[in-house]
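Engineer:
Chains as they are written, first to last, in my numbering: chain X, 1 to 331; chain L, 1 to 429.
1. Which residues, in chain order, does the region 382-407 of chain L contribute to contact with chain X at a C-beta distance below 7 Å?
2. Identify each residue in the region 271-293 of chain X for which the Cβ-Cβ distance to at least one residue of chain L is less than 7 Å, and report them in chain order.
3. Within 10 angstroms of the Cβ of residue 105 of chain X, are there 16 or more other Cβ atoms? Answer buried if so, exposed if not.
4. Specify the secondary structure class of residue 27 of chain L as computed by DSSP and reduced to three states.
5. Mind checking whether residue 449 of chain L and residue 123 of chain L have CB atoms under 9 Å apart?
6. Spatial neighbours of residue 273 of chain X within its chain, please: CB distance less than 7 Å, with the 5 preceding and 5 following residues excluded, ordered by chain position.
7. Using a beta-carbon distance below 9 Å, is residue 265 of chain X in contact with chain L?
8. May I ask you to list the residues that DSSP assigns as paired with residue 76 of chain L?
9. For residue 118 of chain L, which of L/48, L/38, L/409, L/281 has the nearest alpha-carbon?
10. If we ignore side chains and look at the alpha-carbon of each, how far apart do residue 144 of chain X and residue 12 of chain X end up?
11. At which residues does the beta strand (DSSP E) containing residue 88 of chain L begin and terminate?
12. Scan the region 211-226 of chain L for residues whose Cβ lies nearer than 9 Å to a Cβ of chain A and list them as they occur along the chain.
13. Based on DSSP bridge pairs, tell me the residues matched to residue 112 of chain L.
14. Do the region 306-318 of chain L and the region 160-179 of chain L make contact, defined as three or more Cβ pairs closer than 8 Å?
15. Tell me the DSSP secondary structure of residue 21 of chain X in three-state form.
16. For a contact defined as C-beta to C-beta under 8 Å, what are the partners of residue 244 of chain X on chain L?
17. For chain L, check one thing: does any of its Cβ atoms lie closer than 9 Å to the Cβ of residue 93 of chain X?
18. Is there a Cβ of chain L sitting closer than 9 Å to that of residue 108 of chain X, yes or no?
19. Would you be able to state if there are at least three C-beta pairs under 8 Å between the region 326-336 of chain L and the region 264-274 of chain L?
20. Are the beta-carbon atoms of residue 243 of chain X and residue 29 of chain X separated by less than 9 Å?
21. To which residues of the same chain is residue 30 of chain L closer than 7 Å at the C-beta, ignoring the five residues directly before and after it?
22. Output the boundary residues of the beta strand (DSSP E) element that contains residue 119 of chain L.
23. Along the region 301-319 of chain X, where does the CB come closer than 9 Å to a CB of chain L? Name the residues.
24. Would you decide whether residue 256 of chain L is buried or exposed? Buried here means 16 or more other CB atoms lie within 10 Å of its CB.
25. Once you ignore the five residues that flank residue 42 of chain X on each side, which residues in its own chain have a CB closer than 6 Å to its CB?
26. Can you grab the Cα-Cα spacing for the pair residue 144 of chain L / residue 369 of chain L, in whole Å?
27. Which residues in chain L have a C-beta closer than 7 Å to the C-beta of residue 299 of chain X? List them in chain order.
28. Tell me where the alpha helix (DSSP H) around residue 234 of chain L begins and ends.
29. Ignoring anything shorter than 3 residues, give me the beta strand (DSSP E) runs that lie fully in the region 288-316 of chain L, in order along the chain.
30. Check the C-beta distance from residue 112 of chain X over to residue 136 of chain X and give it rounded, since I have them as a contact under 8 Å.
31. How big is the Cα-Cα spacing for residue 57 of chain X and residue 68 of chain X?
32. Does chain L have any CB closer than 9 Å to the CB of residue 17 of chain X?
33. Going by the DSSP bridge assignment, what does residue 126 of chain X pair with across the sheet?
34. Residues of chain L with CB under 8 Å from residue 113 of chain X, in chain order?
35. Hey, could you find the ends of the beta strand (DSSP E) residue 61 of chain X is sitting in?
36. Does the beta carbon of residue 368 of chain L sit closer than 9 Å to a beta carbon anywhere in chain X?
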């Protein structure tokens, strides 16, 4: 068995654009839940709006990419307001249920045939990122060695994505250390106490929801740029659960937690899939089992992730960088 | 009833709007000759042959006749108009030859706007009357029947979800997988290789799913509760469980949709505007009977009262001698079994696939919040309403987006009555 191949694949996934996209979504989610105590299970909805807002502007309306990105992020703010105004006054369970339903229903709307002219329906939208790659100042050709060989454009996406991850982490850190952040964290601890001090807690929660949503929208924009297209199948409710898994692994209410968690998530996921492929390729297994494993590595790695989540909560609920005192947040 | 009058007025308005849309579409489908003088013209054909000697009269907006013409041997007719404006062209059906009729008798008069200098072609479609699709009331009746069917199934699936929340404050994200588990187990037992009749297969699947629910509570959640995990950690545990079960089912069952061998194809019985297969009617009757039985159990039986007491206030219930852990275990077993019954029914009505439970979970969430989070009766009422709303919406909207209407109801409920239809008027914000 080629352990260096498995490790190489895993590390490539842990550093790749997908990990950066997850890191951005997890940073937003961390602001929502880790700091503001909002149980958002519709994070993928924000990613979808960011991606589709950008793609529709470019591919459907023939507009500029630099108009599309702010439009997509603006849609995220609108979604946060539409979602938050009716539900943020209620208990957090209601918020959790409404967010997961709203994100999935938006996906159904986007892929429905009446929306095909606007969103491409089940086919999605393509060729949207040309003006992004035009900005690429890296020389042409391939860089790196072995598994870690990237084309100029791949490197450009990764560079931009990881810079955005750093910027957003810094932004959230700055926000959390500001007076605004102290109020938000206080709402997480005891909303009634904050309200009794005369703060409009719903407005603070709405702001936190919108800012975290825009960061997740940025993740969707990077996803659209990276693939130079969008498709509704990339925004299934599972994605939200995966972002949660990444955030929990890294540790809630920490600055590096979401970033490390996202890298770890993709490292483990690709590592497991790579291991299964290599292992069944060895020929040690009986034909029936090898045939069963062929093409099943994706489902197996997600099932293992489910076991991992249960074990993590049972044995190590604070995650890698988390603190035990933050365990009883939110609900 | 004023409400009925408003409804009919709305229906009539929609019908008028749709008709005018068609008219508009038909008229603008072709371009005019543009010979500089306003006119109506057209060619009458029946089965490809021109129709001669048919009179067409044009009146202006005030109803004053402004011209008429009779179709020639080639079926062509033309009426010059005094100027641009809106005119109504009426075909005199008495002058139609024997056996020739308008395809749509309601379209005897076409009302069309003519712009300056345009010769506007009009089409009077002649031919056999088209077999009409079902009328709106008929469609509505059928949608209400289907909605009741799905609503009963959603209600059955959602009872466990709502009661588990009421008892332990846990949103069980893995509840949909119990639905899928029941449906897939029944499919395996019913498939040709095993060949157990579906009723027996379904019963066995329900027993297994109930045991699985009890196992989750007994061996996983109860020990974790003893360790005083937060509500959020429990939610993540059920998410992990749902990912695990769903993808194991995907590995075993595969990504395709399958139908049960038994009762797959049946002729429909029609009663007036309703049409349903005997299978669907049986499922509706069984679902209704099960829901009534659950309600009676909760209302009358000792354990049922204990469940309601724990849902109301766990601490008070415990201090008055109720074994709360036992009650929670019972609700998990019964809730999982009910979800599996729903899964078998749903698989029988539609099809079985590995994602069916997760798709239903979103509708269950809507039903539970609509009816009142934590109450069994709320889940029943909410489930029925969600089923009705999603199905009735298909009369007007594309079936792909029927779930969108469930969310619309959910949001409206949260705004107007956040405690749910049957929820206690307590502070939840």
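Note that CB positions come from ideal geometry on N, CA and C, so glycine has one too.
This structure is a prediction, so every number in the text was calculated from the model and none was measured.
Structural biologist: So, to answer that:
1. Within the region 382-407 of chain L, 398, 400, 401, 403, 404, 407 place their CB atoms closer than 7 Å to a CB of chain X, listed in sequence order.
2. Closer than 7 Å at the C-beta level to chain L, one finds no residue of the region 271-293 of chain X.
3. Residue 105 of chain X counts as buried, since at least 16 other C-beta atoms from the protein chains shown sit within 10 angstroms of its C-beta.
4. The pLDDT assigned to residue 27 of chain L is 39, lower than 50, so where the model puts this residue is not dependable; a value taken from the coordinates is nonetheless given after this. Secondary structure of residue 27 of chain L (DSSP, three-state): helix.
5. Because chain L is modelled from 1 through 429, residue 449 of chain L falls outside the range shown and cannot be assessed.
6. Only residues of its own chain outside the window of five on either side were considered, and among them 297, 298, 301 have a CB closer than 7 Å to the CB of residue 273 of chain X, listed in chain order.
7. It does not: the Cβ of residue 265 of chain X has no partner Cβ on chain L nearer than 9 Å.
8. In the DSSP assignment, residue 76 of chain L is bridged to L/43.
9. Residue 118 of chain L has its Cα closest to that of L/38, out of L/48, L/38, L/409, L/281.
10. Answer to the nearest angstrom: the Cα atoms are 12 Å apart.
11. Boundaries of the beta strand (DSSP E) harbouring residue 88 of chain L: 85-91, taken from the DSSP string.
12. Protein chains X and L are contained in the structure displayed, whereas chain A is not.
13. L/87, per the DSSP bridge assignment.
14. Contact between the region 306-318 of chain L and the region 160-179 of chain L is present: three or more C-beta pairs spanning the two stretches fall below 8 Å.
15. Residue state, collapsed to three classes: helix.
16. Going along chain L in sequence order, the residues near residue 244 of chain X (Cβ under 8 Å) are 236, 239.
17. Between residue 93 of chain X and chain L, the shortest Cβ-Cβ separation is below 9 Å.
18. Cβ-Cβ to chain L under 9 Å: yes for residue 108 of chain X.
19. Contact between the region 264-274 of chain L and the region 326-336 of chain L is absent, because fewer than three Cβ pairs lie under 8 Å.
20. Yes, the Cβ-Cβ distance between residue 243 of chain X and residue 29 of chain X is below 9 Å.
21. Per-residue confidence for residue 30 of chain L stands at a pLDDT of 40, beneath the threshold of 50, marking its modelled position as unreliable; no derived number is given.
22. If you look at residue 119 of chain L, you'll find it in the beta strand (DSSP E) that goes 119-121.
23. So the list reads 301, 302, 303, 304, 305, 306, 307, 308, 309, 310, 311, 312, 313, 314, 317, given in the order they occur along the chain.
24. That one is exposed.
25. These residues qualify, in order along the chain: 99, 100, 102, 103.
26. The alpha-carbon separation between residue 144 of chain L and residue 369 of chain L amounts to approximately 22 Å.
27. What residue 299 of chain X touches in chain L: 247, 250, 251.
28. Residue 234 of chain L -> alpha helix (DSSP H) spans 231-253.
29. If we require 3 residues or more, the region 288-316 of chain L turns out to have no beta strand (DSSP E) run fully inside it.
30. Under the criterion of beta carbons closer than 8 Å, residue 112 of chain X and residue 136 of chain X do not qualify as touching, at roughly 36 Å.
31. So the two alpha carbons sit approximately 5 Å from each other.
32. Not one beta carbon of chain L lies nearer than 9 Å to the beta carbon of residue 17 of chain X.
33. Residue pairing of residue 126 of chain X in beta bridges, as defined by DSSP: X/229.
34. The answer, in chain order, is 398, 400.
35. In the DSSP assignment, residue 61 of chain X falls outside any beta strand (DSSP E) and carries neither an H nor an E.
36. So, interface residue.
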